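Notes follow the structure.
Numbering (full-length UniProt numbering), first residue to last: 1 to 281.
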């Protein structure tokens with residue numbers, strides 16, 4: 001015998017949860033090497049500093065001696081001189097040279113450096129402008145000195161530059177003529193070559209501007225030129241000669257003037273009308 005009661009409800013189905021994979025498992029372990037200088041730097045011989053061509057790397061460990069920054073500062077009897085020399089002059093050539101220091105601040109020659117083939121004038125550059133040899137730019141330069149206490153690094157000099165010296169080659173003068181007396185006898189040290197002379201009969205061109213030749217013939221020719229002039233008060237032209245005497249000219253002009261005035265007067269007068277006599281009847 002079957003039961004007629006209600007059947008039990010089915011149980012709800014729960015979804016199965018999937019476990020998330022950890023990101024750590026997906027990542028691969030990488031090895032990282034850290035150097036002494038940093039994370040991204042490596043040792044490469046091509047990356048080292050190389051000085052430009054013609055220059056050398058300064059060694060800061062060298063003992064500077066009397067040019068040390070502290071030595072210059074502590075010695076009150078030391079002055080800094082700036083000397084500009086040409087390319088052919090070596091520093092050893094400047095030893096045992098005596099110069100006369102100028103008392104003023106003007107530029108002047110203080111000595112001469114004689115070499116085998118050329119001589120150099122030693123100039124003291126002052127504060128005045130217009131130095132004949134140039135070198136005004138040395139007054140704007142400064143000096144750097146190494147300092148041993150700072151591992152040989154360069155620092156600006158503790159004292160200003162006291163003197164600016166410039167060496168300039170002397171001008172090359174032409175060889176004097178042996179026939180000319182020496183400079184002690186005469187101030188002439190060079191004789192110009194003689195000028196080339198040309199015969200006058202071959203020189204046909206002459207520069208004669210208008211009015212440059214003023215002679216008797218030219219004056220007489222100028223007096224014979226006829227000039228047309230207008231007489232004041234007349235509408236007519238009259239020809240006058242420059243060679244005529246002044247008395248005759250004034251006389252003729254007066255006569256013409258009187259004649260013209262007379263003609264104008266006669267033409268201007270109108271004939272008077274005759275009055276008719278009245279007759280009484």
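Using N, Cα and C, we set each Cβ at its ideal position, and we do this for glycine too. Keep in mind that this is a model prediction, so the values were computed, not measured.
CB of residue i within 8 Å of CB of residue j, strictly
{"i": "residue 107", "j": "residue 123", "result": "yes"}
{"i": "residue 83", "j": "residue 165", "result": "yes"}
{"i": "residue 146", "j": "residue 69", "result": "yes"}
{"i": "residue 167", "j": "residue 89", "result": "yes"}
{"i": "residue 112", "j": "residue 119", "result": "yes"}
{"i": "residue 48", "j": "residue 152", "result": "no"}
{"i": "residue 159", "j": "residue 144", "result": "no"}
{"i": "residue 125", "j": "residue 110", "result": "no"}
{"i": "residue 169", "j": "residue 91", "result": "no"}
Sheet register partners of residue i (DSSP bridge)
{"i": "residue 109", "result": "123"}
{"i": "residue 169", "result": "120"}
{"i": "residue 164", "result": "82"}
{"i": "residue 156", "result": "144"}
Per-residue DSSP class, three states only, for residue i
{"i": "residue 146", "result": "strand"}
{"i": "residue 114", "result": "strand"}
{"i": "residue 71", "result": "helix"}
{"i": "residue 85", "result": "coil"}
{"i": "residue 207", "result": "coil"}
{"i": "residue 200", "result": "helix"}
{"i": "residue 57", "result": "coil"}
{"i": "residue 135", "result": "coil"}
{"i": "residue 102", "result": "coil"}
{"i": "residue 52", "result": "coil"}
{"i": "residue 46", "result": "helix"}
{"i": "residue 90", "result": "coil"}
{"i": "residue 66", "result": "helix"}
Of the residues the options, the one placed nearest residue i, counting alpha carbons only
{"i": "residue 65", "options": "57, 75, 120", "result": "75"}
{"i": "residue 115", "options": "129, 55, 93", "result": "93"}
{"i": "residue 63", "options": "129, 54, 149, 195", "result": "149"}
{"i": "residue 117", "options": "193, 194, 172, 58", "result": "172"}
{"i": "residue 127", "options": "121, 154, 163, 95", "result": "163"}
{"i": "residue 59", "options": "154, 136, 71, 52", "result": "154"}
contact_flag[the region 61-79, the region 97-104] where n(CB pairs < 8 Å) is 3 or more: no
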